[in-house]
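Going by my numbering, the sequence shown opens with residue 1376, and the numbers climb by one from there.
Using N, Cα and C, we set each Cβ at its ideal position, and we do this for glycine too.
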Amino acid sequence: MKITTIGIDLAKEVFQIHGVDIHGKAMLRKQLRRSEMARFFANLTPCLIGMEACGSSHHWARKLGEFDHIVKLMSPQFVKPYVKTNKHDMADAEAVCEAVSRPNMRFVPIKNVEQQAILSIHRARQGFVKARTAQANQMRGLLSEFGIVMSQGIRSINKRMPDILEDAENGLPGTMCRLLERLNNHFKELDPPVEELALQIKLWHKKNQVSQKLEAIPGIGPITASAIVATVGNATEFKNGRQLSAWIGLVPKQRSSGSKQILLGISKRGDTYLRTLLIHGVPAVIRFTGNKVEPESWLHRLMARRNKNVAAVALANKNARIIWALLAKDTKFHPNHTSAASAAKA
């Protein structure tokens, strides 16, 4: 019988393959080394291939797609319920093969090489920012042990550290001063990579028309716009704006049953980095435009009844839905846009 569906348990060197026919009967159980993967699937009749979205999954999806196979990626959390026995490579491959054939399964869009490249720059920049923050917190914590308290923020480190190192009456021993000088030099070395990678992102943003389109939305700059375009890719994979917002993790969690509906805080699903960028870009909009908008506007009424943090998440949720509309419908952002339903009510 012809193999119609294959599940692959990805690994670094040894891959587990599980294939079934049109009736779901197991026809193939095989281990392949990395060097054998391309040759094996090049000689195989085109079929449906499922994989978990993890490290190197997008690379293999593009590679196997060149051999006319239909490749689909799934979130590991959606594959786990199909594991029938203890966790091992053979059971995982069988679970992937079963999950990819489900009609209601949700799939992850396959990223192209350009998307992965710009996302790599984002991840590298994020790593340098975290390292810089960690170094600043370490210096601040060590100084607090000697009774020297510094305010939070990168600027306070740059402003006060030279004076602390030059002050001979602060009670710091020579050993501590030499340590702080070394830590401060390492802290300064982390600034240039952050700026250089941010510049690369901005240059890519200027060459990408879709990314420039998203920058018109208040609260979204080149960093956020480029990350959204590279991460989301084809927005038509989402049915509507709420699905995109839920995928990012900006909608409330639910504990509902029957006619009783209970909404909690945001679900925090999806891409943490993308959600952080959307939420952190909103306070500037609230701070600079919150008092200038019309009293009857949506943002003004929201800020009147809820605190600024809740308003920030709500506005980020709204921006995510606007992003879906711009990407899926290929339109431009209009600040004074009014939907047809709202116009009819007016």
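On the DSSP bridge assignment, give the partners of residue i in chain order.
i	result
Ala1401	Val1395
Thr1380	Val1395 and Leu1423
Pro1627	Ile1641
Ile1445	Leu1423
Lys1635	Ser1632
Val1569	BP columns for Val1569 are empty, so no partner.
Val1483	Leu1448
From the DSSP output, in three-state form, read off residue i for me.
i	result
Pro1451	helix
Leu1407	strand
Phe1390	strand
Lys1614	coil
Phe1415	helix
Ile1654	helix
Thr1460	coil
Lys1707	coil
Leu1702	helix
Leu1385	coil
Gly1440	helix
Glu1473	helix
Arg1681	coil
Apart from the five residues on each side of it in sequence, which residues of its chain come closer than 6 Å, Cβ to Cβ, to residue i?
i	result
Leu1558	Met1514
Residues in the same chain with beta-carbon distance under 7 Å from residue i, minus the five sequence neighbours each way, listed in chain order, please.
i	result
Gly1624	Ile1641, Ser1642, Lys1643, Arg1644, Gly1645 and Arg1650
Leu1652	Ile1598, Thr1599 and Ala1602
Ile1523	Ile1539 and Asn1545
Arg1535	Met1525
Is it buried or exposed for residue i, if we count other Cβ within 10 angstroms and need 16 for buried?
i	result
His1433	buried
Thr1599	buried
Thr1606	buried
Asp1384	buried
Glu1317	Any question about residue 1317 goes unanswered here, given that the chain covers just 1376 to 1721.
Ser1586	buried
Asp1542	exposed
So, for residue i: in the same chain, excluding its five sequence neighbours on each side, which residues have a beta-carbon less than 8 Å away from its beta-carbon?
i	result
Lys1707	Lys1588, Ala1591 and Leu1701
Ala1719	Model confidence at Ala1719 stands at a pLDDT of 46, short of 50, so the residue's coordinates are unreliable; what they give is reported in the following sentence. So the list is empty, once near-sequence residues are dropped.
Starting from the N-terminal side, write out each stretch of the alpha helix (DSSP H) that is 4 residues or longer and does not extend beyond the segment 1478-1542.
Every alpha helix (DSSP H) stretch that sits fully inside the segment 1478-1542 and reaches 4 residues is listed by chain position as 1488-1519 and 1529-1541.
Ignoring anything shorter than 4 residues or poking outside the segment 1549-1612, list the alpha helix (DSSP H) runs there in chain order.
Within the segment 1549-1612, the alpha helix (DSSP H) runs of at least 4 residues that lie entirely inside it are, in chain order, 1549-1564, 1566-1582, 1584-1590 and 1597-1607.
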